[in-house]
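Asker: Numbering (this note's numbering), first residue to last: 56 to 172.
There's a structure below that I have some questions on.
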């Protein structure tokens with residue numbers, strides 16, 4: 056089933072980081088449950104180039120320090136963002152929205168945060 060993750064962190068702009076993907080499990084998570092960052096990171100859309108627009112200036116600076124001019128930008132981004140998502144991997148809410156690619160389909164939008172707000 057198609058899904059969309061919205062991840063809220065101080066490293067992502069106010070609207071959160073959005074990642075489309077496929078959910079291949081028998082049921083959706085419940086509010087308050089944790090989702091492994093790997094489920095999000097193994098989605099095809101999850102690349103540095105696709106997600107750069109969601110990063111705050113603070114996040115870009117933090118990642119650049121972490122990357123330290125190494126050549127494996129994609130691998131280092133995934134290592135850095137894994138730690139970020141681990142801090143905000145709790146299901147805050149689930150909304151059902153029309154798929155922007157096919158409005159006849161409804162997809163779950165799973166919002167993740169640390170539930171501190």
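The beta-carbon is built from N, C-alpha and C at its ideal position, and this holds for glycine as well.
1. Looking at the strands, I want to know which residues DSSP matches up with residue 93.
2. Relative to the alpha-carbon of residue 97, which residue among 83, 136 and 88 has its alpha-carbon at the smallest distance?
3. What's the gap between the Cα of residue 174 and the Cα of residue 99?
4. Just to check my reading of the structure: residue 143 and residue 169 have Cβ atoms closer than 8 Å, yes? What is that Cβ distance to the nearest angstrom?
5. Are residue 86 and residue 147 closer than 8 Å when you measure CB to CB?
6. Identify which residue in 57, 56 and 66 has its Cα closest to the Cα of residue 115.
7. State yes or no: is the C-beta of residue 128 within less than 8 Å of the C-beta of residue 158?
8. What residue ranges within the stretch 89-169 form continuous alpha helix (DSSP H) runs of no fewer than 4 residues, ordered along the chain?
Answerer: With the structure as the only source:
1. As a working mapping, residue 93 is identified with position 38 in the chain shown. DSSP lists no partner for residue 93.
2. The residue you call residue 97 lines up with position 42 of the chain shown. Per the Cα distances, 136.
3. Outside the shown range of the chain (56 to 172) lies residue 174, about which nothing can therefore be said.
4. Residue 143 sits at position 88 when you count from the first residue of the chain shown. Residue 169 sits at position 114 when you count from the first residue of the chain shown. Right, the Cβ-Cβ distance comes to about 5 Å (below 8 Å), so this counts as a contact.
5. Along the chain shown, one-based indexing puts residue 86 at 31. Along the chain shown, one-based indexing puts residue 147 at 92. Closer than 8 Å, so yes.
6. Translated into positions along the chain shown, residue 115 becomes position 60. Of 57, 56 and 66, the residue nearest in Cα terms is 66.
7. The residue you call residue 128 lines up with position 73 of the chain shown. The residue you call residue 158 lines up with position 103 of the chain shown. For residue 128 and residue 158, no; Cβs fall outside 8 Å.
8. 92-96, 103-106, 112-122 and 128-142
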